[in-house]
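Chemist:
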Amino acid sequence: MNTKMFEDFHLNEAILRAIRDEGYRQPTDIQGAAIPEILSGKDVMATAQTGTGKTAAFCLPMLHMLHRGKGDAGHGPRALVLTPTRELALQIESSLRAYGRYLPLKTSVVVGGVSITGQIHSLRQKPEIVVATPGRLLDLMRQKQVTLAEIQFLVLDEADRMLDLGFIHDVRSIVSRIPAARQTLLFSATLSSEIAALASDMLKNPVFVATAPPASIAAKIDQKVLFVDQANKGSLLVDILKSSGVQRALVFTRTKHRADRLTRHLSRNGISAGAIHSNKSQNGRQRSLAAFDKGRIMVLVATDIMARGIDVEGISHVINYELPNDAENYVHRIGRTARAGATGIALSFCDASEVEMLKGIERFIRCELPATEEHAFHSTAAASLRNPSPRPAQWRSFGPRGRFGRRSGRV
1 MNTKMFEDFH LNEAILRAIR DEGYRQPTDI QGAAIPEILS GKDVMATAQT GTGKTAAFCL
61 PMLHMLHRGK GDAGHGPRAL VLTPTRELAL QIESSLRAYG RYLPLKTSVV VGGVSITGQI
121 HSLRQKPEIV VATPGRLLDL MRQKQVTLAE IQFLVLDEAD RMLDLGFIHD VRSIVSRIPA
181 ARQTLLFSAT LSSEIAALAS DMLKNPVFVA TAPPASIAAK IDQKVLFVDQ ANKGSLLVDI
241 LKSSGVQRAL VFTRTKHRAD RLTRHLSRNG ISAGAIHSNK SQNGRQRSLA AFDKGRIMVL
301 VATDIMARGI DVEGISHVIN YELPNDAENY VHRIGRTARA GATGIALSFC DASEVEMLKG
361 IERFIRCELP ATEEHAFHST AAASLRNPSP RPAQWRSFGP RGRFGRRSGR V
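Sequential numbering of the sequence shown, starting at 1, is according to the working numbering.
1) With distances taken between CB atoms, is the gap from residue 284 to residue 248 smaller than 9 Å?
2) Buried or exposed for residue 211, going by 16 or more other Cβ atoms inside 10 Å?
3) Three-state secondary structure (DSSP) at residue 59?
4) If you draw a straight line from the C-alpha of residue 251 to the C-alpha of residue 371, how long is it?
5) Can you tell which of 153, 225, 170, 157 has the C-alpha that lies nearest to the C-alpha of residue 204?
6) Can you check whether the CB of residue 63 is closer than 9 Å to the CB of residue 156?
7) Going residue by residue through the stretch 132-186, where are the continuous beta strand (DSSP E) segments of at least 3 residues, counting only ones entirely within it?
8) Thinking C-alpha only, which one of 174, 125, 122, 165 is nearest residue 141?
9) Near residue 276, what residues of its chain come up, given a Cβ to Cβ distance below 7 Å and the 5 sequence neighbours on each side ignored?
10) Should the stretch 168-184 be called in touch with the stretch 120-136, which here means at least 3 C-beta pairs below 8 Å?
11) Residues bridged to residue 319 by DSSP?
12) Tell me whether residue 314 is buried or exposed, calling it buried when 16 or more other Cβ atoms sit within 10 Å of its Cβ.
13) Answer yes or no: do residue 266 and residue 226 have a C-beta to C-beta separation smaller than 9 Å?
14) Starting from residue 44 and walking both ways along the beta strand (DSSP E), at which residues does that stretch end?
15) Which stretch, first to last residue, makes up the alpha helix (DSSP H) that contains residue 117?
16) Taking residue 111 as the reference, which of 90, 56, 332, 183 has the closest Cα?
17) Of the choices 318, 187, 316, whose alpha-carbon is the least far from that of residue 422?
18) What residue from 23, 343, 163 has the CA that sits closest to residue 98's CA?
19) Spatial neighbours of residue 148 within its chain, please: C-beta separation below 6 Å, excluding the five flanking residues on both sides.
20) Where do the ends of the beta strand (DSSP E) carrying residue 223 lie?
21) For residue 310, report the span of its alpha helix (DSSP H) as first-last.
22) Note the first and the last residue of the continuous beta strand (DSSP E) segment covering residue 109.
23) Which of the three DSSP states, helix, strand or coil, is assigned to residue 300?
24) Where does residue 15 fall in DSSP's three states?
25) Looking at C-alpha atoms only, which residue of 77, 42, 279 is the closest neighbour of residue 124?
26) Roughly how many angstroms lie between the CA atoms of residue 310 and residue 292, to the nearest whole one?
27) Grab me the residues of residue 46's own chain with a C-beta within less than 6 Å of its C-beta, minus the 5 sequence neighbours each way, in chain order.
28) Would you kindly check if the distance between the Cβ of residue 165 and the Cβ of residue 254 is under 9 Å?
29) Let me know the secondary structure DSSP gives residue 66 once reduced to three states.
30) Considering only C-alpha positions, which residue in the set 312, 138, 191, 53 is nearest to residue 163?
31) Identify which residue in 359, 60, 104 has its Cα closest to the Cα of residue 92.
32) Cα separation between residue 15 and residue 100?
33) If you drop the 5 nearest sequence neighbours on each side, which residues of the same chain put their C-beta closer than 7 Å to that of residue 86?
34) Mind checking who residue 82 pairs with in its DSSP beta bridge?
35) Exposed or buried, residue 214, counting other C-beta atoms within 10 Å across all chains shown (16 or more means buried)?
36) Got a sec, what are the start and stop residues for the alpha helix (DSSP H) residue 189 sits in?
Here it is, written out as C-alpha cells:
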C-alpha cells in the first residue's frame, strides 16, 4: 500500500500548492510508483486502469521538469501528449491547467471535430505542451503549423485504445518526427503483444510500472445483477433513479439508438438526462458532459465507445441497462464510479438474451455477481438460465424506499 505524500516527491512548490487546492494529499498507487521514475528521467511503461490517477501520474512530473528547464524553451512545444479521443484530450488539458495554475506554462489542445483555425492561433502562442489526437496533429504538421523538433517529453495515453481505434500508424508517423533524445511515457489499460511491440520500438530501457488488475479495482464497487425482462427495463431504471440513494448515475447501452430512446424515456418520467455517443456532435457531447459534471442533469446515458472518455467525480451509480458484448468493457464501464479510493454501486440489468454475456463477464472478473430480487420486475425466466449455484446473499434495498412500485414502460 502506498504511504507516500506528494511532498515526498520534492515537486515544485507551485505544483504542490495546486495539488492542495485540488484537495489531494496522498498519491494513488500508480502515482506513487510512476512519479519517482519519471522524475529520474527514465522511460516508463505503465499499465493502469482509468480512475487510478494515471493522468496526474504523468502530468505532475512533466510540469515539474518543464518548469525546471524553462530556460530551454525555443520556438516549438517541449511536451506532446497523444490521446485516442477528443474527450480524453480535453480532460488531460483540464488537469494540466489545474496542476499548473501557478506556473507560467501554456498548453494547446489539438483535436478533430472542431475548428482548426482556433487551434492554429493557439499553437502560434508558443505553448510548452500540446495535447492532441493523432489525426488532427498530423493535419497541422502537414500544413507546417506545428513543429515537433524540440519535443523532450512524449506521452502515449491509453495506447491500447489508440491501437483498437486504428491510430497506431498515425502515432508511428508522428513519433518518427520527434527527436530520439526524449523521455517517453506509455500508459495502457492492458498489455497485449501489440502494445509490447509498440513499447519496444518507442521506449528506451523502460521501467515497467503496474497497478492492481481490473478485478481488484472492481472490488471497491458494490456490484449487483438484476434479472429483468427486456420490456420492463425502462420501468426498473426509473424506479432505481428515483430512489433516495442515487446522486448521479451513468447508464450504459449497447447502441446509440437505445441511448437516445432511453434519454427521452427518462425525461418523460421527470428525470433530467442527457446522452453521449459518437453520433452526437462534438459540441453536443461537451454540453452533455458539462451538464453532468456540474450537476445540471442527474443521468448521463452513454455507449461503450464513449466510456473511457468520461471522467466525472461523484458518480454514485453505474447502471448497465444493457450488458456489453465485450466482457472487458464491463470493467471500463463500472470504473467510472469508485474513483480515487471512493466507493460506488454498479447495477447490471440482465434479460434472458443476455445471460451468456453475464457468464462471460463473470469468467473475466473471476467472480459471480450477487443477484438481488428486491425489485418489482424480477424475471424468474432470466434468472433460471444462470448456472445452478448456491444463491449469494441478497441485497435488501436500494435505499429507504425498499421495494419499488410497478409501472409499465418498454424502452
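Just so it is clear, CB atoms sit at the ideal spot from N, CA and C, and this is done for glycine as well. In this text, all values refer to a predicted model and were calculated from it rather than measured experimentally.
Modeler: In short, the structure shows the following:
1) no
2) buried
3) helix
4) 19 Å
5) 153
6) no
7) 153-156
8) 174
9) 285, 288, 289, 300, 302, 306
10) yes
11) 251, 347
12) exposed
13) no
14) 44-47
15) 116-123
16) 90
17) Because the chain is modelled from 1 through 411, residue 422 falls outside the range shown and cannot be assessed.
18) 23
19) 177, 178
20) 221-227
21) Run containing residue 310: none; DSSP gives neither H nor E here.
22) 107-110
23) strand
24) helix
25) 77
26) 10 Å
27) 34, 187, 209
28) no
29) helix
30) 191
31) 60
32) 6 Å
33) 111, 112, 113, 133, 282
34) 132, 156
35) Bear in mind that a pLDDT of 49 at residue 214, under 50, signals an unreliable position, so the number given afterwards is only what the model happens to contain. Flag for residue 214 reads buried.
36) Careful: residue 189 lies outside any alpha helix (DSSP H) and carries neither H nor E.
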